[in-house]
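Using UniProt numbering, you'd call the opening residue of the sequence shown number 1 and step up by one each time. First comes the structure, then the notes that go with it.
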Amino acid sequence: TDKYVVCHCDVNHNNWMLGENTQLYLIDWDRAMIADPAIDLGLLLYWYINPSQWEEWLEHYGVELTENLKTRMKWYVISQTILFIEW
């Protein structure tokens, strides 16, 4: 991708906090970096969203689910899983 964004790089249920106003906050930004958004999208989709809903979910995010995006997400999830196991 040519577009890099601020990525959390550790999107998981332990890093979400629900505020009193029912607003959801993403916390623990110590691994954040400027990177391919497929890192965070992959972690979120693979772990928490049913694959049949990926296209609809990404549409709300303003992203098209292409084969290229699927491939990038898959490899980022694999690499993040290996890092987690190593940790």
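Just so you know, even glycine gets a beta-carbon here, dropped at the ideal spot from N, CA and C. Given the structure is predicted, the values throughout are model-derived calculations rather than measurements.
How close, in whole Å, do the beta carbons of residue i and residue j come, if the pair is a contact with beta carbons under 8 Å?
i: L43; j: V77; result: 6 Å
i: A32; j: L69; result: So it is not a contact: roughly 21 Å between Cβ atoms.
Between residue i and residue j, is the Cβ-Cβ spacing less than 8 Å?
i: C9; j: D40; result: yes
i: L58; j: E64; result: yes
i: L26; j: N14; result: no
Between the Cα of residue i and the Cα atoms of the options, which residue gives the shortest distance?
i: Y4; options: Q23, L24, I34, K74; result: I34
Taking only the alpha-carbon atoms, compute the straight-line gap between residue i and residue j and give it to the nearest angstrom.
i: I49; j: N21; result: 24 Å
i: P51; j: F84; result: 22 Å
i: L24; j: M17; result: 6 Å
I'd like the list of long-range same chain contacts for residue i, defined as Cβ closer than 6 Å, with 5 residues on each side in sequence excluded.
i: Y46; result: V77
i: V11; result: D40, L43, L44
Residues in the same chain with beta-carbon distance under 7 Å from residue i, minus the five sequence neighbours each way, listed in chain order, please.
i: D30; result: none
Under 8 Å Cβ to Cβ from residue i, same chain only, skipping five residues before and after it: list those, please.
i: R72; result: T1, D36, A38, G42
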